[in-house]
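Numbers in this note's numbering are just positions in the sequence shown, counted from 1, shifted up by 3.
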Amino acid sequence: MRAINNVWTFIAASLCFACDEPEPRRDVNVAAPEAAALADACVDEDDAVACTGAESLASAGVDGRCGTHPTGEQVEAMELDFNARRAGAARIAFVPRVIPTYVHVITDSEGHGKVAPERIEQQLDVLNAAFLPAGITFSLAGVDVTANDAWYAMDVGSAAETAAKTALRVGGAGSLNIYTAGLGGGLLGWATFPWEYAFSPEVDGVVLLHESLPGGAAAPYHLGDTAVHEVGHWAGLYHTFQGGCGGDLDDGGDRVIDTPSEAGPAFGCPVGLDSCRLPGLDPIHNFMDYSDDACLDSFTHGQVARMEYQLTLYREEV
Numbered sequence: 004m005r006a007i008n009n010v011w012t013f014i015a016a017s018l019c020f021a022c023d024e025p026e027p028r029r030d031v032n033v034a035a036p037e038a039a040a041l042a043d044a045c046v047d048e049d050d051a052v053a054c055t056g057a058e059s060l061a062s063a064g065v066d067g068r069c070g071t072h073p074t075g076e077q078v079e080a081m082e083l084d085f086n087a088r089r090a091g092a093a094r095i096a097f098v099p100r101v102i103p104t105y106v107h108v109i110t111d112s113e114g115h116g117k118v119a120p121e122r123i124e125q126q127l128d129v130l131n132a133a134f135l136p137a138g139i140t141f142s143l144a145g146v147d148v149t150a151n152d153a154w155y156a157m158d159v160g161s162a163a164e165t166a167a168k169t170a171l172r173v174g175g176a177g178s179l180n181i182y183t184a185g186l187g188g189g190l191l192g193w194a195t196f197p198w199e200y201a202f203s204p205e206v207d208g209v210v211l212l213h214e215s216l217p218g219g220a221a222a223p224y225h226l227g228d229t230a231v232h233e234v235g236h237w238a239g240l241y242h243t244f245q246g247g248c249g250g251d252l253d254d255g256g257d258r259v260i261d262t263p264s265e266a267g268p269a270f271g272c273p274v275g276l277d278s279c280r281l282p283g284l285d286p287i288h289n290f291m292d293y294s295d296d297a298c299l300d301s302f303t304h305g306q307v308a309r310m311e312y313q314l315t316l317y318r319e320e321v
């Protein structure tokens with residue numbers, strides 16, 4: 004397990020980053036235009052809910068590590084909604100939170116995909132170490148095992164995914180549901196974003212290739228950081244390479260000021276990589292990049308602040 008030093012210094016810096024916002028108004032509803040734009044971006048031409056950021060993977064032609072790739076239209080609408088909610092909310096301070104976590108192990112009829120209890124415990128340990136600077140603890144609330152050949156081979160946005168999640172999901176917006184399976188499309192995992200819960204709560208959660216959990220056979224992605232990456236999406240983070248070199252804080256980037264731009268995802272552990280003619284080396288050690296698990300070790304102060312806002316505004320249960 005990776006050691007995380009100076010945790011409280013990190014938290015304090017994150018809070019300062021979050022508190023640099025102007026004093027927001029209280030008790031203001033999301034403006035109608037922003038809500039309408041978000042709804043439009045989350046409904047397809049047949050008026051069906053289609054807001055899962057992962058669904059754009061096939062059309063985008065991206066690589067196979069992560070299936071969470073929202074379209075530009077979705078990002079724009081979601082950021083409008085997020086900014087409207089943030090403007091109407093009270094100032095958000097750091098509050099440690101415990102997230103009930105349910106793990107749904109899906110196997111095929113021959114038992115492929117089984118995950119030993121100790122590997123699930125190790126995965127929770129990896130998550131808790133990674134999210135410690137954000138004050139987030141994941142508490143295992145339940146584990147179930149289901150044998151279903153179709154669900155085991157689920158792909159992004161498939162009928163099998165919807166069926167599995169609809170049958171198995173537990174809890175509300177603030178409960179993390181993790182589904183492990185064999186997956187299709189050569190993916191390691193995918194996730195839903197916080198704002199999607201309002202439109203399609205039944206599919207909320209994180210999907211993982213079972214071999215990506217600690218001790219699995221998906222080397223070099225076998226130390227549990229695929230879960231960290233996907234839970235980062237679930238908590239509101241984009242990829243560090245969102246928008247490429249042309250992305251910035253307000254238009255096309257990952258909306259976090261302290262993650263340097265990069266032209267595309269990093270693979271392996273390319274120390275010193277600098278793919279954009281902008282300040283800072285590529286953030287190859289950031290959990291929201293695509294580097295090998297052994298290379299990943301951190302979130303930035305800005306990412307911690309964004310997660311705090313996202314979880315408070317979209318995943319607080321009343």
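Cβ atoms here follow ideal geometry from the backbone N, Cα and C, with glycine treated the same way.
Looking from the CA of Met310, the closest CA among His288, Phe270, Asn289 and Gly235 belongs to Gly235. Here DSSP, grouped into helix, strand and coil, assigns Leu226 to coil.
For Gly256, there is no enclosing alpha helix (DSSP H), as DSSP marks it with neither H nor E. Shown here, Thr140 sits in a strand according to DSSP, grouped into three states. At a cut-off of 4 residues, the continuous stretches assigned as alpha helix (DSSP H) that sit fully inside the region 185 to 252 are 228 to 237. Under the DSSP assignment, Ile109 falls in the beta strand (DSSP E) whose first and last residues are Arg100 to Thr110. When DSSP states are grouped into helix, strand and coil, Leu276 belongs to the coil group. Assignment of Tyr182 by DSSP, reduced to helix, strand and coil, places it in the strand class. Asp128 carries a helical assignment under DSSP once its states are collapsed to helix, strand and coil. Here DSSP, grouped into helix, strand and coil, assigns Thr262 to coil. If the five residues before and after Gly271 are omitted, its C-beta is found closer than 7 angstroms to the C-beta atoms of Ser294 and Asp295, all from its own chain and listed in chain order.
In chain order, Ser264 place their CB closer than 6 angstroms to the CB of Leu281, counting only its own chain and leaving out the 5 sequence neighbours on each side. Assigned with DSSP and collapsed to three states, Gly305 falls in helix. Nearest neighbour of Gly227 by Cα position, chosen from Glu214, Trp237 and Gly239, turns out to be Glu214. Boundaries of the alpha helix (DSSP H) around Glu164: Ala162 to Leu171. CA-CA distance, Ser161 to Asn180, rounds to 18 angstroms. DSSP places Ala96 in no alpha helix (DSSP H); its state is neither H nor E. One Cα belongs to Glu82, the other to Pro120, and the distance between them is close to 38 angstroms.
Cβ neighbours of Asp285 within its own chain (closer than 7 angstroms, five residues either side excluded): Pro263, Glu265, Ala269, Leu276, Asp277 and Ser278. Around the beta carbon of Ala133, 16 or more other beta carbons sit within 10 angstroms, so the residue counts as buried. Remark: three or more beta-carbon pairs, one from each stretch, lie closer than 8 angstroms, so the region 301 to 309 and the region 135 to 149 are flagged as touching. The beta carbon of Ala153 lies closer than 7 angstroms to those of Ala163 in the same chain, with the five residues before and after it left out. C-alpha of Arg258 to C-alpha of Cys248: approximately 13 angstroms in a straight line. Inclusion of Gly185 and His232 in the CB contact set at 8 angstroms is not warranted, their separation being larger than that value. Taking the Cα of Gly145 as reference, the smallest distance to any Cα among Glu124, Pro217, Leu212 and Gly188 is reached at Glu124. If you compare the alpha carbons of Asp207, Ala96 and Tyr224 with that of Arg318, the shortest gap goes to Asp207.
In terms of Cα proximity to Ala150, the closest of Asn131, Leu171 and Val159 is Leu171. At least 8 angstroms separates the beta-carbon of Ala194 from that of Leu314.
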